[in-house]
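Just below is one structure, and these are the notes that go with it.
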Amino acid sequence: MKTSREPLVLWGRLVTCGRVALGLDREEAGYRSGVQGSNAGTMCFRRRRRLTGREAECHSAAGYQPAPHKSAIRCALLAFLALSAAAAELPRFRWQNFTVENGLPDNRVYCVAVDGDRVWAGTDNGLAVYENGKWKSFTVADGLAHRAVLSLAIDKHSHDLWIGTMGGLNRYSAGRFDSFTQLTSGLPNDVVYGVSVQGDFVWVATAAGGARLNTRSKQWSFYNERNTPMYEIWTYSVTAAEDKVYYAVWGGGVLEFDVQTERWKDYNDPDGETEIVLFKDQGLIHEITTSVSYVNHILWVATYFGASRYDGRNWRNFMDKDSGLPSNFLNQVKTVDGTRTWFSTDKGLAYFDGERWATYRPALDTHTPEMLVRDEHGAVTHVPAGSAPAHHYTFAVDFQKDDIWVATAKGISHGIRISPGDSDR
Amino acid sequence: MRAAICGLLVLASAAAAAGQTRYRSPDDLALSPDGKRLFVVCSGSDEVLVVDTAARSVAGRVAVGKVPRGIALSPDGKRFFVTNSWSDTVSEVDAASLQVLRTLPSGFEPTGVAMDAARNVLYVANRLSDDISIVDLEGGADVQRLVAGRGASYVTASPDGARIYVSHIYPQIDKFRAPPRSEITTVDSQRQVVADRLALNNAAGVFHIALSRDGRLGIAAELRPKNLVPLAHVEHGWVFGDSLAVFGEDIGAIGGGGGVVQMPLDEIENYPSLPFGVAISPDKTRAYVSASGSNEVVIVDLAKLVAAARSPEAARLANDLSASARYVVAHVAVGRNPRSIGISPDGKALYVANRLDDTISIVDTARAAVAATISLGGPADLTPERRGERLFYSSMYSFGHQFGCANCHLDSTFDGLSWDLEPDGFGIDIVDNRALEEIGDTAPYKWNGSNPDLQTECGPRTERFFFRSQGFRGDDLEDLVKYIKSIPLRPNRYRLPDGELTSAQLRGQGFFTRTAKKDGTPIPDALQCFVCHSGPYYTNKRTADVGTGKLTDRSPLVDTPQLTNVVYSAPYLHDGSARTLEEIWTVFNPKDKHGVTNDMTKDELNDLIEFLKTL
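Here the protein sequences line up with chains W and D, keeping their order.
Here our numbering is used: the first residue of the first sequence is 1, the next is one more, and so on.
Here our numbering is used: the first residue of the second sequence is 1, the next is one more, and so on.
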């Protein structure tokens, strides 16, 4: 029966094999060399005492000695299995990265939105779409309100794209850009950090409050400190579902709009505006919220000081010191189903499946691809990776079936989901 | 005493008769699949008439909603759907019993309609919502809106139903004095999304679309207004171009038009004015276009039209007045204001709705001549308003009958453009084209209030500075004025159903009627909104300097415009320089001369605008 300890056992073997392969444990293992180096034909398997409680076994070349190449293969296989077990059921990807050299208008990609076979990227210097293997860019000359694109949202029915920029809101529909600015429309402010589509309504988060556009009647409704509980009007993100709409208010916590009752409610850090967590899991982790994601009645909140999860009754907070978050500085949180959740941080892309964590990034020191896995007990495993997202500073993600697209500070990355055993190069 | 009583009775009866005078005003028509019945939408009498094409007489009628405009038949001919443009509904009617089966919802001012039988939905173009309703016929709900252009009005389905095409009566709102532009919105009916937007540059006012039976060729009737050049002369097509926008597989991307080529119908001294309805013969040899201003049907040789559209010089033919000689083969005089046209299944007969004659012309396509005229009934006598309406829609008074009042005041409204009229000098006094609803009591007229009455506005001035030919005089002028004064206000869609205001609108009303700023400083009378915009039409009928004069204006004084239905008539200000209501204050009121608004927050301005939309 498979137990949770098995991966550890396998991991132990992996370590041993590795040490043997590297010639570190030859004397301990009674290694009888036949072939040098990592391709040693004769290998000894040594179980770590602290793992199994059993005496170390050493299979000598005489008593138990597989053929040299078979031993290497077995060792490699075991190593692989150990690593795979550590990462078992955690998504793995082969990363394909795109930069200006591939046609992106800018490497600084702030947002991404997937619409079937099309992938939209909002960059510091224009909007881009990836379709049929190519990138096509749109600029102010094409009708974009501003070159810096901060947020994107797809209308799932019409496939129109709503674009939040530093200079207004755009709707892109079948080749036509329509602009909404604070001068020409009811948009509260031109700095549109967030946008979300809810049926016939488009919700926006701007630097001067939130708003909702009724696309049928063309009426704008404003939401600021005068008609909501918000005390800070710098809204940074919005997510709209059928029953609830949430705003991340930068420096003002989270606002909730009940669609049925049309009432607002705020959620704030019970510790006040301090960076000290005095009351863990008793409320929102911090007031400086950057992103909200709401699926299956579960709200996730990203802040610059960790993440919070709220199921309508209980809060649960996550920081880098007590979770697999590589950093507390979160640009975005995006949940798949309320449990499986992705975090775009300044130190890599993180994934949480409810128990375990994975981080995908180029290593911070060596820049080589790495995948870190943290289990439910807190043990961290370094899983070799053949590829990684373009940069550790990640802004946002979106999903394309099993794949993932990641907006980073150095391009956009397409994580192509691979099965165990597939190469990630 | 007895004579006085008799006189009073006569007057009373005349008044009653006038109140009951309802001309049919046939606007749209559709033939049954077997060609035996013609369904005619009568926007003047709020009904659909059924004409027996063999007997050539009216065989039935059904009352529908207010001001019906468009009709679509189900492929099996058992039902038809009628857009009620003032009721914001669509009537579903049993074609055999002429019973209204259902009343379906739509957007604001539904005009054109087409049915997608495969998916059992209707596509309805909503002129004042600028969108397309997808009405699910199973549930009877307006389930989705697709973004169209400004003034979405006419809808045509491709023969295979795969594509829905929508045209627009108004141009897109753009920067001040930018060339007009419109589009044909193309919908993928299977996915129910907008698949493409065929750009129509320099076009404003696009009407019916027809597709060939094989679906490879599409033709839309359109206007090309020359509003960016001073209206200094009319000859050589200097004011309006009458064109066909030609697209489809037969055209491809040839001509550099992005899939659309604009081909003129005009000749150097003869303009088929205000092209409206289009039909393509079943054998694809001929196209028929009704010219609603010049009261004719233009017949086009399609092979030659396509050849011209595919020629290397196609892109520069749009303004070439010699081009039409290649493909226009005949002109057939029909009734007044011919609008929708429909061709019989065998291609032998063309039916033309003569809106201001209350008749249907039957054109024998082989002889290119009117074979018969069907009367739709209606009053035999013409009221002054009806005579005036005929004048309004006629292009016959302008040089070469190039245009009439209705060219700029489309369907008696406006065109969304600004113009440079010559009498004040080139480039001077650019003017916005304003709506005409309920202006009878809002004298003086003209942007600067210099015309004391409509007789001055529409009389010799029109003759001299617009038509450059003859104008309206005497009884004609009086009839025209009567008609203009009779143009009613369209329903306002922004109040609550019970006529009350929302909370935002109430707050906005508070700003509209305030007499002091937020800090308590009194606002001078001249800067209080409701002082200038007072009365039932929200105008005190005086001129004022509100700081919106441009360097090109001879005077900063402008006539205070009425605000009724102001929500519909963008752009704004006397010259049309404000694209939206917001811009009136966010851009053009830096010194608080057009009301005091700079102490307001953005959401307060939004409330004010929400209130203005209800006027």
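For every residue, glycine included, the Cβ atom is placed at its ideal position computed from N, Cα and C.
Nearer than 7 angstroms: is that true of the beta carbon of residue i relative to any heavy atom of the ligand MG?
| i | result |
| --- | --- |
| A232 (chain D) | In the structure shown, the ligand MG is absent, as is every other ligand, since no ligand is present at all. |
Can you give the Cα-Cα distance for residue i and residue j, rounded to whole angstroms?
| i | j | result |
| --- | --- | --- |
| F108 (chain D) | L211 (chain D) | 26 angstroms |
| L265 (chain D) | S290 (chain D) | 11 angstroms |
| P497 (chain D) | G70 (chain D) | 25 angstroms |
| H414 (chain W) | G133 (chain W) | 12 angstroms |
| R108 (chain W) | N296 (chain W) | 32 angstroms |
| W120 (chain W) | Q400 (chain W) | 12 angstroms |
| G209 (chain W) | I233 (chain W) | 5 angstroms |
| D124 (chain W) | A148 (chain W) | 4 angstroms |
| V187 (chain D) | A148 (chain D) | 10 angstroms |
| A95 (chain D) | A152 (chain D) | 27 angstroms |
| S4 (chain W) | Y130 (chain W) | Annotation note: pLDDT 37 at S4 (chain W) (below 50); position unreliable, no value reported. |
| I251 (chain D) | I219 (chain D) | 11 angstroms |
| A279 (chain D) | P159 (chain D) | 13 angstroms |
| V259 (chain W) | K218 (chain W) | 19 angstroms |
| L231 (chain D) | R461 (chain D) | 13 angstroms |
| G122 (chain W) | C111 (chain W) | 5 angstroms |
| R579 (chain D) | T181 (chain W) | 12 angstroms |
| V322 (chain D) | D411 (chain D) | The question names Val, yet the displayed sequence has Ser at residue 322 (chain D). In a straight line, the C-alpha of S322 (chain D) is about 30 angstroms away from that of D411 (chain D). |
| V300 (chain D) | K284 (chain D) | 11 angstroms |
| A409 (chain W) | N331 (chain W) | 12 angstroms |
| V566 (chain D) | Q509 (chain D) | 15 angstroms |
| P556 (chain D) | Q562 (chain D) | 18 angstroms |
| V277 (chain W) | E376 (chain W) | 22 angstroms |
| D131 (chain D) | G60 (chain D) | 33 angstroms |
| G272 (chain W) | I288 (chain W) | 11 angstroms |
| P362 (chain W) | A205 (chain W) | 32 angstroms |
| D603 (chain D) | Y393 (chain D) | 43 angstroms |
Should residue i and residue j be called a contact, given that it needs their Cβ atoms to be closer than 8 angstroms?
| i | j | result |
| --- | --- | --- |
| D46 (chain D) | A353 (chain D) | no |
| G116 (chain W) | D196 (chain D) | no |
| K613 (chain D) | Y537 (chain D) | no |
| A30 (chain D) | S74 (chain D) | no |
| A141 (chain W) | N170 (chain W) | no |
| I412 (chain W) | W405 (chain W) | yes |
| Y304 (chain W) | L284 (chain W) | no |
| V100 (chain D) | V50 (chain D) | no |
| T184 (chain W) | Y236 (chain W) | no |
| L489 (chain D) | E437 (chain D) | yes |
| L98 (chain D) | V41 (chain D) | no |
| P444 (chain D) | N451 (chain D) | yes |
| S273 (chain D) | D320 (chain D) | no |
Assuming residue i contacts residue j under a Cβ cut-off of 8 angstroms, what Cβ separation, rounded to an integer in Å, is found between them?
| i | j | result |
| --- | --- | --- |
| L302 (chain D) | A287 (chain D) | 5 angstroms |
| M166 (chain W) | V191 (chain W) | 6 angstroms |
| S398 (chain D) | S469 (chain D) | 6 angstroms |
| R24 (chain D) | L376 (chain D) | 5 angstroms |
| L223 (chain D) | A204 (chain D) | 6 angstroms |
| P571 (chain D) | I173 (chain D) | 6 angstroms |
| A153 (chain W) | V195 (chain W) | 4 angstroms |
| V121 (chain D) | V135 (chain D) | 6 angstroms |
| N317 (chain W) | K280 (chain W) | 6 angstroms |
Counting only Cβ-Cβ distances shorter than 7 angstroms, please list the residues of the stretch 572-588 of chain D near chain W, keeping chain order.
R579, T580, E582, E583, T586, V587
Proximal residues, the stretch 174-201 of chain W versus chain D, C-beta separation under 8 angstroms
A174, G175, R176, D178, Q182, L183, T184, S185, G186, P188, N189, D200
Please list, in chain order, the residues of the stretch 187-208 of chain D that have any C-beta partner in chain W closer than 7 angstroms.
V193, V194, A195, D196, R197
Using a Cβ-Cβ cutoff of 8 angstroms, what residues of the stretch 591-611 of chain D are near chain W? List them in chain order.
K602, D603, N606, I609, E610
To test your reading of the DSSP string, which unbroken beta strand (DSSP E) runs of 3 or more residues are found completely within the stretch 325-398 of chain W?
330-335, 341-345, 348-352, 357-362, 369-374, 380-384
Output needed in chain order: residues of the stretch 131-164 of chain D with a Cβ under 8 angstroms from some Cβ in chain W.
D131, Q144, R145, L146, V147
Taking any Cβ of chain W, which residues in the stretch 86-108 of chain D have a Cβ under 9 angstroms from it, in chain order?
G107, F108
The stretch 150-163 of chain W: which residues have C-beta closer than 8 angstroms to a C-beta of chain D, in chain order?
H157, S158, H159, D160
Using Cβ-Cβ distances below 8 angstroms, what residues of the stretch 133-147 of chain W are close to chain D?
none
Uninterrupted alpha helix (DSSP H) stretches inside the stretch 470-526 of chain D (no shorter than 4 residues):
474-486, 503-512
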